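So the structure is just underneath, and the comments pick up after that.
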Amino acid sequence: MSELDKGPKGILRSGWTARVDEYAIAGAWACGDDVFVVGDATGSVYGFNGKSGAALWTERDTHGDGLLALAVHPNGATVATGGQDGCVHIRDARSGTLERTLDLGDGWVENLAWSHDGTALAASSGRKVFVDRGPSSDRWATDDHPSTVSAVVWSGAEELATASYSRVSFFDTQSGELQQKLEWKGSLVSMVLSPDGDIVACGSQDNSVHFWRRSTGKDSMMSGYPLKPATLSFDGTGTFLATGGSQSPVIWSFKGDGPEGTEPGVLELHAAPITELSFSRRGLRLASGDRDGAVVVWGVRDDGSGSPIGAALVYNLVESLSWRSDGRGLVALDAGGNVTSWRVKD
Amino acid sequence: MTDHKKVPVTILTGFLGSGKTTLLNRILSEEHGKRIAVIENEYGEVGIDQALVINADEEIFEMSNGCICCTVRGDLIRVLGNLMKRRDKFDYVLVETTGLADPGPVAQTFFMDDELREEFELDGIVTLVDAAHIEQQLGRSDESTEQIAFADVIVLNKTDLVEADKLDALEARIREMNRMTKVIRSERANVPIETVLHLSAFDLDQVLERRPTFLEPEYPFEWTGVYSLEAGRYELSLDDGPDPTMSLVVLPKQGGDDSGLRDGAELCVRRYADPAEPVGPGAVLPLDTHVSLQLQESGRKSFVLELETATTIGLYAQHTAEEFDMKVINTSLASEVEFAVDRTWVAQHEHDDEVGSFAIERDGTLDPEKFNMWLGRLLGEKGIDIFRMKGFLSLAGESKRYVFQGVHMLFDAQPERPWGDAPRRNQVVFIGRNLDEREITDGFVACLN
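Protein sequences, first through last, are from chains A and B.
Just add 4 to wherever you are in the first sequence, counting from 1, and you've got my numbering.
Just add 973 to wherever you are in the second sequence, counting from 1, and you've got my numbering.
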């Protein structure tokens, strides 16, 4: 994609850039988009000014051998990180001040998810998922899953979905009861839910995407991917599911009776496997990043097809793409520790 | 991304008490200039500070295609996936498996996962053997047999506890099982480090680029039953089984002899490539169509089969009839119809002691095309039972000697040094279970020019 070498194209405009010490693992907007928080592979956590990119705070080596997960509270004020030391740290996102530490044992803390109202934090460690509701409540934990938990998503106000080998489980986190089990004999490596919680989509180690509709119990498998679909993203309406697993993002449309029996949209431009996909919360815009550092923004049409409307190059494998809540900013994290932001035109 | 050297991985296997931890600690102390990541599945006593020691539960994942050769270690994918983000922080990975581990899934993990394949290369499998106790273990456990069969290097440890002639007999027995392995004797795992690390025993890059379909299993179904049926209405009845769904193709006009079964299987491989049509209990089964029986309800479930004329049908099922207690019932007679013939396609991973190895050595050159065809067919049929292959090939039209190696269905052949004036010669060792030496040798010889 040599035509991208001279800076961003289309609707993307150069914004601020920053650097972290190591491979940037995860990042998220916080404090009403005033702050962008990043965690890197050494376990350092950073706060950057969301408008200028100026470093606000840095906390080094917070998780021993490495940081694995980061999640910003729905109110934007605090950020949780988890790592190989088996701990979760909850910090003030504006100052970096450590507010609480949860010690969950020896297992790596690989997934974190705040409940929709922010009263509970789910954290997976090995085969268990813990749900914490603050220092004055007892911490609840699931029984052991069949394997290490690979994804955690809140499927309702109090209901938590977990993915592990051969299974998606739904727990009522108030009663502790297992509500539903969806089974598929394969190693599930990623999971997303449609915004209404009805459609559950998982990428599988065997190069397929499996999905279930909870209301009807129907399930389907989409195969033919050359690689693992490790990244998935639903648009804000739950109509379109973007899937990785090849050099071209593949978009399935859930309109009507779809996507079963329909042809997906295949967005062709990338020259390397897709590593990250993220729909903007505003409008049908999809950002995709690849192993070589190319970032493309697509305008997705009603039929699931799409055209590139913006593109840029970062320096290394694109690990994460985060849209600002108003859709007018986009931040890419890469394997070389670069934090690259763009302004996005309407 | 910048070009980088892949990080070598050595798998260390052996029963508890065989000296794995001692050897591990020796490697770590002698290679002190290097950062080594150690992945352990049982708590050992690794006493070296600069090593990054990670304890991971052994998690064996089977792929949904049901092929036993496609089992991988999920914990390694996860742990190494995270480690490779800090690639500059270590130079070597050692995976220490539990004494009870089958080395197959560990080795296959490095071929099956494309991200790991980009960052790591399997350097070799080293098996520690307790000379004083291995005889008993070989009789009792399949795992110790497989650990020997898979090994590139066997460290015959604690030799001071065993008499010399018994030791010779033991080494001979090990060599019979695995002719390509290097056997090193030691008393307290005090072997030279260069004999166990940097072996470069595996290198599959090229072959997988050329033949990615080699990872596909030969047959997506496990069992076929052939039934001679009059016109009328039948029920296919299944009890609870291992999975909530099962794929099936009902093939009409099925031949009952071997060629009929092969023809049917070929056809059904293509049917299985179509997306499965979900069919619920009570519904009529379409013929010649890939269906997915929905078996989520508990208890016996029945599916309807309607035949307008008498025919012989073949049921090509994802699982064996036994696993679901699958029966064909003539509804008007209310009686079960027995199958005339049945066939299991994917041989079960049987645990017996029939592990052995043999070598093929022939002068001359191989017709590469013939050889590839033959090997593809051999691995498709016998890949489960072929643990390892290794050797040198002389290919027609190639000026260089080829190095050839494989694990189960996965193999690799790469040009090495030029033949020059040396006599052209092929040498290949096969290690596996119940291998038919004559059949494989004849097949190989038929590929010679």
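Glycine included, C-beta positions come from ideal geometry on N, C-alpha and C.
All values derive from a computational prediction rather than experimental measurement.
- Assignment of E1239/B by DSSP, reduced to helix, strand and coil, places it in the helix class.
- If you ignore the 5 residues before and after W61/A, its C-beta comes within less than 8 Å of the C-beta of Y50, G51, S99, G100, all in its own chain and listed in chain order.
- Closest in alpha carbon position to P1259/B, among A1105/B, L1224/B, D1236/B, is L1224/B.
- For N1028/B, the three-state secondary structure derived from DSSP is strand.
- Taking G1253/B as the centre and dropping the five residues before and after it, the same chain places the C-beta of Q1267 closer than 6 Å to its C-beta, in chain order.
- CA-to-CA, the gap between L1202/B and V254/A works out to about 45 Å.
- For K1373/B, DSSP records a beta bridge to P1391/B.
- Straight across, the Cα-Cα distance linking D200/A with S159/A is about 8 Å.
- The beta carbon of G57/A sits closer than 7 Å to those of W20, T21, A22, S345, all from its chain and outside the five residues before and after it, given in chain order.
- With a beta-carbon spacing of about 34 Å, D1212/B and R1113/B fall beyond the 8 Å limit used to define contacts.
- At a cut-off of 8 Å between beta carbons, F1297/B makes no contact with chain A.
- Closest in C-alpha terms to Y319/A, from the list P268/A, R295/A, D148/A, comes R295/A.
- If you look at V172/A, you'll find it in the beta strand (DSSP E) that goes 163-176.
- Only exposed fits S18/A, as fewer than 16 other CB atoms lie within 10 angstroms of its CB.
- In this structure, H149/A sits near R131/A, with a CB-CB distance shorter than 8 Å.
- In the structure shown, R1335/B adopts extended strand secondary structure according to DSSP, grouped into three states.
- Within 10 angstroms of the beta-carbon of D1358/B lie 16 or more other beta-carbons, which makes it buried.
- Of L1280/B, R1046/B, E1069/B, the smallest CA-CA separation from I984/B is found for E1069/B.
- The shortest CA-to-CA distance from I1166/B to any of L996/B, D1394/B, A1283/B is the one to L996/B.
- Neighbours of E26/A in chain B, taken as residues at a C-beta separation under 7 Å, are given in chain order as R1059.
- Excluding the 5 residues flanking it on each side, L1240/B has no same chain C-beta neighbour closer than 6 Å.
- Judged by pairs of C-beta atoms under 8 Å, the stretch 1294-1308 of chain B does not touch the stretch 1376-1383 of chain B, as fewer than three such pairs exist.
- Interface residue (Cβ-Cβ distance to chain A less than 8 Å): D1231/B is not classified as such.
- When Cβ-Cβ separations below 8 Å define contact, G1047/B makes contact with chain A.
- Taking every protein chain shown into account, the CB of D1141/B has fewer than 16 other CB atoms within 10 angstroms, so this residue is exposed.
- In the assembly as shown, L1056/B is a buried residue. Its beta-carbon has 16 or more other beta-carbons within 10 Å.
- Sorting K993/B, P1217/B, E1149/B by C-alpha distance to the C-alpha of Q1291/B places P1217/B at the top.
- For E1270/B, none of the residues of chain A pass the 9 Å Cβ criterion, the least Cβ distance being about 11 Å.
- Contact between the stretch 280-290 of chain A and the stretch 239-254 of chain A is established, with three or more Cβ pairs separated by less than 8 Å.
- Interface residue (Cβ-Cβ distance to chain A less than 8 Å): E1032/B is classified as such.
- Contact between the stretch 1097-1104 of chain B and the stretch 1130-1140 of chain B is present: three or more C-beta pairs spanning the two stretches fall below 8 Å.
- Taking the beta carbon of Y169/A as reference, the chain B residues within 8 Å of it are E1032, F1034, G1047, listed in sequence order.
- Unbroken beta strand (DSSP E) stretches of 3 residues or longer found wholly inside the stretch 224-304 of chain A: 236-238, 244-247, 254-257, 278-283, 289-294, 298-304, given in chain order.
- Rounded to the nearest whole angstrom, the CA to CA distance from K259/A to S292/A is 22 Å.
- Burial is judged here by how many other beta carbons sit within 10 angstroms of a residue's own beta carbon; L989/B has fewer than 16 and is exposed.
- Here K349/A is exposed, its C-beta having fewer than 16 other C-beta atoms within 10 Å.
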